[in-house]
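Notes follow the structure.
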Amino acid sequence: MMSAAKKIGGDKAIWIVVIALAIFSFLPVYSASSNFGVNLIFSNIIKHVSIIFIGIMIMYSTHLLDYKYFKGLSLIVLPLVIFLLFFASFQGNVIDGANANRWLNIPILDISFQPSTLASIFLLIYLSNFLSKEKNKNLSLTKTFLLMWLPIILVVGLILPSNFSTALLIFIMSTMIIFIAGYKLKHLTALFLLFIFLISSFLYAVNKFPDIIPNRVDTWTNRIENFVNNDIDDTSNYQINRAKAAIANGKIFGVGAGKSSMKYILPQSTSDFIFSIIAEEYGIIVSLIILLLYVVLLFRIIITSYRSQTKFGQLVSVAVGIPVVFQAFTNMAVAVQLIPVTGQPLPLVSTGGTSIWITFLAMGILLSVSKNKIKYNTVAIDD
């Protein structure tokens with residue numbers, strides 16, 4: 002144990018924030034699990050603790066590696082993930098909602114996972130690798146289409162029909178990486194127009210052939226209408242009204258651990274709306290501390306990127322780190338009705354499975370970048 006502790010490297014602030022959020026998650030998850038019934042509380046928390054423990058091991062093991070190994074890995078994994086996305090579009094299982102997310106099951110392990118969680122991180126790592134090469138920076142839009150634009154089109158296009166918020170998140174992060182890499186404005190404009198074209202084509206196809214995806218467009222429309230029409234009836238705006246009521250009930254210091262009343266009637270209280278349960282039980286002060294931890298994580302991501310001595314390290318730090326913080330801010334913004342309901346969980350706190358492991362993998366890569374920066378004296382740009 003001591004020898005393993007001595008091998009812990011990288012940004013200590015990132016370690017502290019990630020571990021603090023992971024350990025704290027046990028409290029609201031245990032409390033909100035009572036929504037499933039007394040018999041499932043213990044099994045649910047044991048499952049969550051086990052997933053977190055495995056996640057920490059993934060983060061620890063990953064941070065021991067040189068982050069540059071993920072260059073080659075992304076070239077192998079991304080095509081595989083695109084195939085899985087395509088396969089899931091036709092064969093995936095529906096879990097916790099009509100067609101809300103497409104899941105694939107691993108028979109031997111009896112584990113379900115969303116290919117979109119893998120697609121997000123490995124697409125961004127792939128883009129970081131591609132954009133870090135100086136020889137690719139000045140290529141024309143035509144020459145970069147197959148190597149850069151096509152993977153973005155395939156990933157976003159395959160995820161879009163079943164999970165708009167995740168597709169949008171991937172698109173925004175891809176745009177951000179391309180911008181940070183210093184690509185020309187015309188390329189970013191092309192990416193934006195491409196996304197608009199994809200959305201328009203998709204909506205046209207849905208209206209023309211409504212049987213393709215019978216309920217997701219209606220769900221998106223209802224969520225936007227509920228957000229815009231704040232006075233909409235309670236039945237249509239059930240989730241967000243209960244979420245706001247939970248936050249209001251918590252006030253400054255909260256009602257106390259495990260004493261939430263809204264957890265029994267708030268859907269997805271262990272995942273999408275867990276921040277509302279935290280606010281109700283622990284109050285505004287603890288909620289602000291949670292927010293502050295993500296802000297600290299954001300700051301350390303920027304610092305890690307700035308201090309990295311390789312172009313790939315600078316880009317991949319942002320690519321794997323910023324989506325975690327962005328997802329957290331999105332989750333909290335939904336809880337206080339700053340934006341429509343998206344279905345995005347609170348990273349490192351909400352329940353999950355492979356999505357939690359992917360988050361820990363991202364943090365491991367980030368720690369590897371922060372750990373390995375001392376090996377280089379000048380900024381290196383790949384050939």
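Number 9 in the numbering used here belongs to position 8 of the sequence shown; there are no gaps in the numbering. All C-beta atoms in this analysis are idealised placements derived from N, C-alpha and C, irrespective of residue type, glycine included.
Leaving aside the five residues before and after residue i along the sequence, list all residues of the same chain whose C-beta is less than 6 Å from its C-beta, in chain order.
i: Gly98; result: Only weak support is given to the placement of Gly98: the predicted model assigns it a pLDDT of 49, under 50, and the value that follows is read from those uncertain coordinates. No residues qualify anywhere along the chain.
i: Ala23; result: Ile53 and Leu349
i: Gly11; result: His64, Leu368, Ser371 and Lys372
i: Pro29; result: Ile275, Ile278 and Ile279
i: Met149; result: Phe131
i: Ile241; result: Gln338
i: Ile83; result: Leu155
i: Leu81; result: none
i: Ser113; result: Trp104 and Asn106
Short of 7 Å in beta carbon distance, which residues of its chain neighbour residue i, apart from the five on each side in sequence? Order them along the chain.
i: Ile366; result: Thr63, Tyr68, Phe71, Val317 and Val321
i: Phe313; result: Lys69, Lys72, Ser129, Asn130, Ser133 and Asp383
i: Leu161; result: Ala168, Leu199 and Phe203
i: Gln315; result: Ser306 and Ser309
i: Asn102; result: Legend: pLDDT at Asn102 = 49, less than 50; position of this residue unreliable, value from coordinates given subsequently. The answer, listed in chain order, is Ile96, Gln115, Ser163 and Asn164.
i: Pro268; result: Gln240
i: Ile55; result: Trp358
i: Val18; result: Leu294, Val297 and Leu298
i: Gly87; result: Correcting the residue type first, residue 87 is Phe in the shown sequence and not Gly. Closer than 7 Å at Cβ, skipping near neighbours: Leu159.
Just to check my reading of the structure: residue i and residue j have Cβ atoms closer than 8 Å, yes? What is that Cβ distance to the nearest angstrom?
i: Ile278; j: Ser288; result: Actually they are not in contact, since the Cβ atoms of Ile278 and Ser288 sit about 10 Å apart, beyond 8 Å.
i: Leu105; j: Leu85; result: 6 Å
i: Ile15; j: Arg308; result: So it is not a contact: roughly 13 Å between Cβ atoms.
i: Glu281; j: Ala247; result: 4 Å
i: Leu79; j: Leu147; result: Between Leu147 and Leu79 the Cβ distance is about 13 Å, and since that is not below 8 Å, they are no contact.
i: Ser75; j: Tyr31; result: The pair is not a contact, with the Cβ atoms about 37 Å apart (cut-off 8 Å).
i: Ile179; j: Leu192; result: 7 Å
i: Ile46; j: Phe25; result: Ile46 to Phe25, Cβ: 13 Å. No contact.
Less than 9 Å separating the beta-carbons of residue i and residue j?
i: Thr360; j: Val319; result: no
i: Ile9; j: Ile57; result: no
i: Leu299; j: Ile122; result: no
i: Thr355; j: His49; result: no
i: Ala120; j: Leu159; result: yes
i: Phe254; j: Met333; result: no
i: Ser201; j: Ala33; result: no
i: Leu186; j: Thr176; result: no
i: Phe330; j: Met174; result: no
i: Ile171; j: Trp358; result: no
i: Ala244; j: Gln338; result: yes
i: Val256; j: Phe196; result: no
i: Ser272; j: Leu347; result: yes
Enumerate in chain order the residues of its own chain whose CB-to-CB distance from residue i is below 8 Å, with the five nearest sequence positions on each side excluded.
i: Lys252; result: Gly284 and Ile285
i: Asn208; result: none
i: Ser166; result: Thr331, Thr343, Gly344 and Gln345
i: Ile266; result: Arg243
i: Thr118; result: Thr355, Ser356 and Ile359
i: Lys13; result: none
i: Leu41; result: Ser34
For the stretch 174–216, which segments carrying the beta strand (DSSP E) assignment without a break, of at least 3 residues, lie completely within its bounds, in sequence order?
The beta strand (DSSP E) runs of length 3 or more contained entirely in the stretch 174–216 do not exist; there are none.
Inspect the CB distances between the stretch 142–159 and the stretch 294–312 and report whether three or more fall short of 8 Å.
The stretch 142–159, when compared against the stretch 294–312, does not touch it at the 8 Å Cβ threshold.
Examine the Cβ distances between the stretch 35–54 and the stretch 326–344 and report whether three or more of them are shorter than 8 Å.
Result no; under three Cβ-Cβ pairs closer than 8 Å.
Counting only runs of 4+ residues fully inside the stretch 261–301, write out the alpha helix (DSSP H) ranges in chain order.
You should have found no qualifying run.
What runs of the alpha helix (DSSP H), each 4 residues or longer, lie entirely inside the stretch 24–87?
With a minimum length of 4 residues, the continuous alpha helix (DSSP H) runs that stay inside the stretch 24–87 are 27–33 and 39–65.
Quick check for students: name the residue ranges of the alpha helix (DSSP H) that lie wholly in the stretch 125–169, counting only runs of 4 or more.
Fully enclosed alpha helix (DSSP H) runs of no fewer than 4 residues occupy 135–138, 142–145 and 151–160 of the stretch 125–169, in order along the chain.
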